[in-house]
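Q: Protein chains in written order, with the UniProt record's numbering: chain A, 1 to 421; chain B, 1 to 421.
Would you mind keeping the following structure in view while I ask a few things?
See the structure below:
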């Protein structure tokens, strides 16, 4: 079937034919349809009953091409099936933090889901200096539940292996393999360097051996370590928040991969927000430090909260099921020691992935608004250099940075040290 | 279809109906059929033309149960499909070291393949003190080719990911997860301890934290690191040899797993042969040292030969394809450094897996003949304790044992040190 984007009227009529959605939205003739997609990939619509604005949904549709470019850049619509499957799975595990799916149509490659009308994108909130008191608790809960329940620590081996096969998502994984783990370290035409970024900083990404080796290790882990069902693109633009609630959206990159990749994405984006605060926080002569400290505190609370909840889920499940991953242990000393060891290894992975994610946001084609929005080229470049220095340290020292507090200390030191590389 | 093992006549008639096999074997009326399977799982037949004994094949058939126990222990016949797929794949990559498949029947769960009439099982040869001058070259070639060509270093990401899904073999993987990585470290009813094995050595497997943690790390890697298509059970009973040729047989445990698992199996079994030589080599008052040194030399040559060929395949492929796993590197210094780093990491994995494999052969239910054949309980226990000490060192020190020569030195030191734990 040739793909045609819906007109407003067609979409309203389509939704009127789906009983569950019609029950939610009311009469198709009353529906306002607004196309709001600003991403590169998909069409996104807000559909609202004009007579009862509380009755609304989001419709997301994946065309069989890269929307930004058009039909000349084909992209499999299968990505919508991955997104729907992941939304349902994560929603079952963590219903408070995942939008509800009302309807999915695998022939039309669309999903109808909960409209988060009173929430905003976390990245925007952080740029404005907003504080979300429940954010760290919510994200650590989301991460602990989604990462634990997809893994061999919970699932029976046959279920886990078939889940991993069903989640193969090579087309979107290939985008990450290229744009996160490969191109940023090359002299690649897709890279975009800001005007004042020193050549030495760019050269260092290409030539510093420990950094190249660490990045390649993370790429190998990304491609091979099928540990759990990941969101796969968990930056602060995939998180919607308000004072009371936190939702994780857009899991179209979902696949079975290394746990640290999702946690690392969150940490990377908090660190990008931290360093870019040196501009955002100074507007009107203010002092950025208080909000920067709040950002680091969130990073620390997210890791520590995630880690504590993950171990708690693990312990509970093993004491209920009487099966222990490492095997029986009469004294439970080895059991406890292994869990601590596992979390240290996971922190190292997390920091390595965070480093790669930060680097791609500085020199790769996909940027983050908190940095591109900085108008002064030199201020921007100084911030970018700090991000790169932090990213390099995370990658190269990932196994020796023993806890998340040390990462916060590292970030503060790099922030204080105004000398650039 | 209810499974019934073939009678000799039925099998001859069946083979006569397969044109390719009939062309090979000749008239069904001339065929001698001998059931020779001594394994726990399958039926194995030698089928030979009585008038022309050079015309012969092996037939292997997987009943839908554990043959050793019978229909009360069901086991999926799918394992034969995994074995056939792996034989074909490995045969294409390494035709000199994999028996030819003449015919496979997925309804009857059988395969007809090359009869290695002048070869013997390597484990038997090593017990007799035979030396195979080409063994190390052949095994390093087999390992380098099979492990490299299934990995992301060669395959396109979509092909690799679909190959990994197609190779899911959870039922046989579960056997390994339990028998190699879990039960040996527990007080498990399936374990079998030799009469004089000191209780302290058994306790140490259960309580020594660094050992338990290392074994759990290897289990996690086995279950999660889908690096390449493995043989999955590459001990010296899966290798057939003569002076000139080496064949790897029985890949029914094949799945996408960590490369070090196959290399580690070879090394573990050479080390078991090395330590057990202290009895086999002393029969009739002889000195075991010369043959023990030959065994260590094979271990060193297999690792070093494998490593050199693997890196060579990697380099050749990247220079032909112009695509480099770590990304472009103008100076190729990082490229070379990463390859060395990759092989050090692979050696660490290899030694960790070798350690687990050695331990399961000492205390688990599946033993090796070179040790069970030792009649003197105290001599046997001394050898077993050395095997366990070596295995523990391989596991716990796997990341610091920097090259295979250090492993040989370690083995010699443990052999010399007659004091037990």
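Glycine included, each C-beta is placed from N, C-alpha and C at the ideal position.
What you are looking at is a predicted structure, and each value in this text was computed from that prediction instead of being measured.
Anything in chain B within Cβ reach of residue 225/A, meaning under 7 angstroms, just list it in chain order.
A: Locating residue 225/A in the first chain gives position 225, counting from the first residue. Within chain B, the residues near residue 225/A are 224 and 225.
Q: Kindly confirm or deny that the stretch 9-26 of chain B and the stretch 392-406 of chain A touch, where touching means at least three C-beta pairs closer than 8 angstroms.
A: no
Q: Look up residue 193/A in the DSSP assignment and say whether it is helix, strand or coil.
A: Numbered from 1 along the first chain, position 193 holds the residue referred to as residue 193/A. Of the three classes helix, strand and coil, the one that applies to residue 193/A here is coil, per DSSP.
Q: Examine the Cβ distances between the stretch 163-179 of chain B and the stretch 304-317 of chain A and report whether three or more of them are shorter than 8 angstroms.
A: no
Q: Give me whichever residues DSSP pairs with residue 104/A in a beta bridge.
A: Counting from 1 along the first chain, the entry for residue 104/A is found at position 104. According to DSSP, which records beta bridges pairwise, residue 104/A is partnered with 111/A.
Q: Out of curiosity, what's the CA-to-CA distance linking residue 414/B and residue 153/B?
A: Residue 414/B sits at position 414 when you count from the first residue of the second chain. Residue 153/B sits at position 153 when you count from the first residue of the second chain. Between residue 414/B and residue 153/B, the C-alpha separation is close to 37 angstroms.
Q: Strictly below 8 angstroms CB to CB, what residues from chain A border residue 193/B?
A: In the second chain, the residue the question calls residue 193/B occupies position 193. Simply none; closest approach about 16 angstroms.
Q: Let's test the definition: count the other Cβ atoms within 10 Å of the Cβ of residue 220/A and tell me whether it reaches 16, buried, or not, exposed.
A: Taking the first chain and counting its residues from 1, one reaches residue 220/A at position 220. Buried, since its Cβ has 16 or more Cβ neighbours within 10 Å.
Q: Anything in chain A within Cβ reach of residue 422/B, meaning under 8 angstroms, just list it in chain order.
A: Shown here, chain B extends from 1 to 421; a query on residue 422/B therefore has no answer.
Q: Is it a yes or a no for the stretch 93-105 of chain A touching the stretch 43-51 of chain A, going by three-plus beta-carbon pairs under 8 angstroms?
A: No, because fewer than three Cβ pairs between the stretch 93-105 of chain A and the stretch 43-51 of chain A fall closer than 8 angstroms, the two stretches do not touch.
Q: Would you kindly check if the distance between the Cβ of residue 230/A and the Cβ of residue 358/A is under 9 angstroms?
A: Position 358 of the first chain, counting from 1, holds the residue named residue 358/A. Position 230 of the first chain, counting from 1, holds the residue named residue 230/A. Cβ distance not < 9 angstroms, so residue 358/A and residue 230/A don't count as in contact.
Q: Which residue marks the beginning of the alpha helix (DSSP H) containing residue 217/A, and which one marks its end?
A: Here the question's residue 217/A lines up with position 217 in the first chain. Residues 209-224.
Q: Can at least three beta-carbon pairs, one atom from the stretch 196-212 of chain B and one from the stretch 377-394 of chain B, be found at a separation below 8 angstroms?
A: Of all C-beta pairs linking the stretch 196-212 of chain B to the stretch 377-394 of chain B, three or more are shorter than 8 angstroms, placing the two stretches in contact.
Q: Rounding to the nearest angstrom, what Cα-Cα distance links residue 12/B and residue 85/B in this structure?
A: Your numbering for residue 12/B matches position 12 in the second chain. Your numbering for residue 85/B matches position 85 in the second chain. Residue 12/B and residue 85/B: Cα-Cα distance of roughly 24 angstroms.
Q: Return no unless some Cβ of chain B is closer than 9 angstroms to the Cβ of residue 170/A.
A: Taking the first residue of the first chain as 1, we reach residue 170/A at position 170. With 9 angstroms as the cut-off, residue 170/A counts as an interface residue toward chain B.
Q: Which parts of the stretch 23-93 of chain B are runs of the alpha helix (DSSP H), unbroken and 4 residues or longer, counting only runs that do not cross its ends?
A: The qualifying runs are 78-93.
Q: For the putative contact between residue 299/A and residue 404/A, defined by C-beta atoms under 8 angstroms, what is the C-beta separation to the nearest angstrom?
A: Along the first chain, read from residue 1 onward, the residue named residue 299/A stands at position 299. Along the first chain, read from residue 1 onward, the residue named residue 404/A stands at position 404. With 8 angstroms as the limit, residue 299/A and residue 404/A qualify as a contact, their Cβ atoms being about 7 angstroms apart.
Q: Just grab the DSSP bridge partners of residue 247/B for me.
A: Position 247 of the second chain, counted from the first residue, corresponds to residue 247/B. The partner list for residue 247/B (beta bridge, DSSP) reads 240/B.
Q: Helix, strand or coil: how does DSSP classify residue 420/A here?
A: The residue given as residue 420/A occupies position 420 in the first chain. In this prediction, residue 420/A has a pLDDT of 43, which is less than 50 and means its spatial position is unreliable; what the coordinates show is noted afterwards. Of the three classes helix, strand and coil, the one that applies to residue 420/A here is coil, per DSSP.
Q: If you draw a straight line from the alpha carbon of residue 91/A to that of residue 81/A, how long is it in whole angstroms?
A: On the first chain, residue 91/A is found 91 positions in, with the first residue counted as 1. On the first chain, residue 81/A is found 81 positions in, with the first residue counted as 1. If I take the Cα positions, the gap works out to 15 angstroms.
Q: From residue 419/B to residue 360/B, what does the alpha carbon distance come to, in whole angstroms?
A: Mapped onto the second chain, residue 419/B falls at position 419. Mapped onto the second chain, residue 360/B falls at position 360. With a pLDDT of only 46 at residue 419/B, under 50, the local geometry of the prediction cannot be trusted, and no value is derived from it.
Q: Distance check for residue 289/A and residue 259/A, CA to CA, integer angstroms please.
A: In the first chain, residue 259/A corresponds to position 259, counting from 1. In the first chain, residue 289/A corresponds to position 289, counting from 1. Using only the alpha carbons, I get a separation of about 31 angstroms.
Q: Can you name the residues of chain B whose CB is closer than 8 angstroms to the CB of residue 158/A?
A: Along the first chain, one-based indexing puts residue 158/A at 158. Within chain B, the residues near residue 158/A are 170, 171 and 174.
Q: Which bits of chain B does residue 338/A rub up against, with CB to CB less than 7 angstroms?
A: Mapped onto the first chain, residue 338/A falls at position 338. The contact set of residue 338/A on chain B, defined by CB atoms closer than 7 angstroms, consists of 212, 213 and 216 in chain order.
Q: Could you give the DSSP three-state label for residue 436/B: helix, strand or coil?
A: It is not possible to answer for residue 436/B, since the shown part of chain B is limited to 1 through 421.
Q: Whose C-alpha, out of 246/B, 146/B, 274/B and 400/B, is nearest the C-alpha of residue 314/B?
A: The residue you call residue 314/B lines up with position 314 of the second chain. Answer by Cα proximity: 146/B.
Q: Should residue 187/B be flagged as near chain A, meaning a C-beta pair shorter than 9 angstroms?
A: Reading the second chain from its first residue, position 187 is the one you call residue 187/B. It does: the Cβ of residue 187/B has a partner Cβ on chain A nearer than 9 angstroms.
Q: Identify whether residue 121/B lies in helix, strand or coil by the three-state DSSP scheme.
A: In the second chain, counting from the first residue as 1, residue 121/B sits at position 121. In this structure, residue 121/B counts as strand in the three-state DSSP scheme.
Q: What residues in its chain sit with their C-beta under 6 angstroms from that of residue 149/B, if we drop five residues either side in the sequence?
A: Indexing the second chain from 1 puts residue 149/B at position 149. Result list for residue 149/B: 93, in chain order.
Q: Excluding the 5 residues preceding and the 5 following residue 117/B in the sequence, name in chain order all residues of the same chain whose CB lies nearer than 7 angstroms to its CB.
A: Along the second chain, one-based indexing puts residue 117/B at 117. Only 56 meet the Cβ criterion.
Q: Confirm, please, whether the CB-CB distance from residue 310/A to residue 139/A is below 9 angstroms.
A: Residue numbering aside, residue 139/A sits at position 139 when the first chain is read from its first letter. Residue numbering aside, residue 310/A sits at position 310 when the first chain is read from its first letter. No. Outside cutoff.
Q: For residue 364/B, which residues from the same chain have a beta carbon less than 8 angstroms from its beta carbon, with the 5 sequence-adjacent residues on both sides left out?
A: Taking the second chain and counting its residues from 1, one reaches residue 364/B at position 364. Within the same chain, residue 364/B has close Cβ partners 179, 180, 183, 184, 190, 191 and 192.
Q: Mind reading off the beta-carbon distance from residue 294/B to residue 131/B? Whole number of angstroms is fine, and I expect it under 8 angstroms.
A: Counting from one through the second chain, the residue named residue 294/B turns up at place 294. Counting from one through the second chain, the residue named residue 131/B turns up at place 131. About 6 angstroms separates the Cβ atoms of residue 294/B and residue 131/B, confirming a contact at the 8 angstroms cut-off.
Q: Per DSSP, which residues does residue 228/B bridge with? Please list them.
A: Counting from 1 along the second chain, the entry for residue 228/B is found at position 228. Looking at the DSSP output, residue 228/B sits in a beta bridge with 257/B.
Q: Which residues mark the beginning and the end of the alpha helix (DSSP H) in which residue 332/B is found?
A: As a first step, residue 332/B is located in the second chain; it is residue number 332 there, counting from the start. That residue, residue 332/B, is in no alpha helix (DSSP H); it is neither H nor E in DSSP.
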